[in-house]
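These protein sequence lines are chains L and C, in that order. Yeah, the first sequence ends on 113 if you go by the working numbering, and it's all consecutive. Yeah, the second sequence ends on 116 if you go by the working numbering, and it's all consecutive. C-beta: ideal position from N, C-alpha, C; glycine also. Computed from a predicted model, the values in this text were never measured in an experiment. Here's the structure, in structure tokens; my notes come after.
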Amino acid sequence: KQEVTQIPAALSVPEGENLVLNCSFTDSAIYNLQWFRQDPGKGLTSLLLIQSSQREQTSGRLNASLDKSSGRSTLYIAASQPGDSATYLCAVITNQAGTALIFGKGTTLSVSS
Amino acid sequence: GAVVSQHPSRVICKSGTSVKIECRSLDFQATTMFWYRQFPKQSLMLMATSNEGSKATYEQGVEKDKFLINHASLTLSTLTVTSAHPEDSSFYICSAGNGQGNSRAFFGQGTRLTVV
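Following this line, the structure appears as structure tokens:
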């Protein structure tokens, strides 16, 4: 059974710091991995999607890497801002038929000004 | 990108009543929709997979008679929480995709259900 773990559970940093969020999954046979942002009481915003054949994706200050063989992904946030404060969720799809995402519990990020 | 609209965003109901939540794909046809539930400080847990024109597939531990799912068209799936109880209070969120494993999942805005 696929399990997704995110470390750390919470992170507080001052504005301007570069930071790394970690995600690991137990079954390396995934089809893709997505990083989401969730603001309190809100839905999910998709940040980056990495296909199983890819090693990284970039969008603005965000960079996500994928090492499928070791079951790891990282989300790198450069020059963090208070507006980045949110919970970041990692999720994987493990079935070609497009079954549901399996989520980690998330990392709650707080960026202070 | 594709848009998934979920309604209502917030609902408060009395214990014993039923609540219907709608999930619509606005600009694409969703052969499959997923319903998740999220308790405070927990991750999203899949409740059921909704396939257009067929019965939903429920995850272990989810009561299909309590959480009724209907996916009557390629753009609409509904989740009805029947005879709601306070322990059903949670954040419910749907997602839609085109059924391909490498497609991006698009999520609705979520529904905060409070049963009093």
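Three-state secondary structure (DSSP) at GLU56 of chain L? Sequence index remark: in the first sequence, residue 56 of chain L carries index 56 (1-based). DSSP places GLU56 of chain L in strand when its eight states are reduced to three.
For PRO86 of chain C, which three-state DSSP category applies? Translated into the one-based positions of the second sequence, residue 86 of chain C becomes position 86. Three-state result, PRO86 of chain C: helix.
Ignore the nearest five residues each way along the sequence and tell me which others in GLU26 of chain C's own chain have a CB closer than 6 Å to its CB. As a first step, residue 26 of chain C must be located in the second sequence, where it is residue number 26. Checking the sequence, you will find Leu at residue 26 of chain C rather than Glu. These residues qualify, in order along the chain: VAL3 and SER5.
Using alpha carbons as the reference points, say which of C:PHE67, C:GLU59, C:ALA84 and C:GLU63 lies closest to LEU46 of chain C. The residue labelled residue 46 of chain C in the question sits at position 46 within the second sequence. The shortest C-alpha separation from LEU46 of chain C is found at C:GLU59.
Tell me the DSSP secondary structure of GLY43 of chain L in three-state form. Sequence index remark: in the first sequence, residue 43 of chain L carries index 43 (1-based). Three-state DSSP puts GLY43 of chain L in coil, outside helix and strand.
So which of L:THR108, L:ILE30 and L:GLY43 has the shortest CA-CA distance to ARG55 of chain L? Translated into positions along the first sequence, residue 55 of chain L becomes position 55. Ranking L:THR108, L:ILE30 and L:GLY43 by Cα distance to ARG55 of chain L puts L:ILE30 first.
When you compare only the Cα positions, how much space is there between LEU113 of chain C and THR49 of chain C? Here residue 113 of chain C is taken as the residue at index 113 of the second sequence, counted from 1. Here residue 49 of chain C is taken as the residue at index 49 of the second sequence, counted from 1. Using only the alpha carbons, I get a separation of about 20 Å.
Would you be able to state if there are at least three C-beta pairs under 8 Å between the segment 79-97 of chain C and the segment 18-32 of chain C? yes
Compute the Euclidean distance between the alpha carbons of PHE36 of chain L and GLY16 of chain C, then round it to the nearest angstrom. Translated into positions along the first sequence, residue 36 of chain L becomes position 36. Translated into positions along the second sequence, residue 16 of chain C becomes position 16. Roughly 34 Å separates the two Cα atoms.
Residues in the same chain with beta-carbon distance under 7 Å from GLU15 of chain L, minus the five sequence neighbours each way, listed in chain order, please. Taking the first sequence and counting its residues from 1, one reaches residue 15 of chain L at position 15. Same-chain partners within the cutoff: SER80, GLN81, PRO82, VAL111, SER112 and SER113.
Shortest alpha-carbon distance to LEU33 of chain L belongs to which of L:LEU19, L:SER59, L:LEU109 and L:THR74? The residue labelled residue 33 of chain L in the question sits at position 33 within the first sequence. The shortest Cα separation from LEU33 of chain L among L:LEU19, L:SER59, L:LEU109 and L:THR74 belongs to L:THR74.
Which residue spans inside the segment 48-92 of chain C form an unbroken beta strand (DSSP E) run of at least 3? 67-73 and 76-81
Beta-carbon separation of GLN109 of chain C and GLY41 of chain L under 8 Å? The residue given as residue 109 of chain C occupies position 109 in the second sequence. The residue given as residue 41 of chain L occupies position 41 in the first sequence. In this structure, GLY41 of chain L does not lie closer than 8 Å to GLN109 of chain C by Cβ.
Say whether chain L places a C-beta atom closer than 8 Å to the C-beta of GLN60 of chain C. Along the second sequence, one-based indexing puts residue 60 of chain C at 60. Not one chain L Cβ lies under 8 Å of GLN60 of chain C.
With DSSP as the reference, identify every bridge partner of PHE103 of chain L, one or two as the case may be. The count along the first sequence starts at 1 and reaches residue 103 of chain L at position 103. DSSP output for PHE103 of chain L lists L:ALA91 as bridge partner(s).
For GLY97 of chain C, which of helix, strand or coil comes out of DSSP? By one-based count along the second sequence, residue 97 of chain C stands at place 97. Strand, per DSSP.
Supposed close pair VAL20 of chain L, TYR76 of chain L - CB separation, criterion 8 Å: Numbered from 1 along the first sequence, position 20 holds the residue referred to as residue 20 of chain L. Numbered from 1 along the first sequence, position 76 holds the residue referred to as residue 76 of chain L. 5 Å between Cβ atoms; contact.
Determine whether the Cβ of ILE93 of chain C lies closer than 8 Å to any Cβ atom of chain L. Taking the first residue of the second sequence as 1, we reach residue 93 of chain C at position 93. Judged by the 8 Å Cβ criterion, ILE93 of chain C is in contact with chain L.
Can you list the residues of chain L that GLN42 of chain C reaches, using a CB-CB cut of under 7 Å? Counting from one through the second sequence, the residue named residue 42 of chain C turns up at place 42. Going along chain L in sequence order, the residues near GLN42 of chain C (Cβ under 7 Å) are LYS105.
Compare the C-beta of PHE107 of chain C with all C-beta atoms of chain L and state if any pair is closer than 8 Å. As a working note, residue 107 of chain C is residue 107 in the second sequence. For PHE107 of chain C, the answer is yes, since a Cβ of chain L falls inside 8 Å of its Cβ.
Within-8 Å CB hit, ALA79 of chain L to chain C: On the first sequence, position 79 is the one that residue 79 of chain L refers to. No, ALA79 of chain L lies away from the interface with chain C (no Cβ there is under 8 Å from its Cβ).
Can the beta-carbon of SER85 of chain L be found less than 8 Å from the beta-carbon of LEU109 of chain L? Locating residue 85 of chain L in the first sequence gives position 85, where the first residue counts as 1. Locating residue 109 of chain L in the first sequence gives position 109, where the first residue counts as 1. In contact: SER85 of chain L and LEU109 of chain L (Cβ atoms closer than 8 Å).
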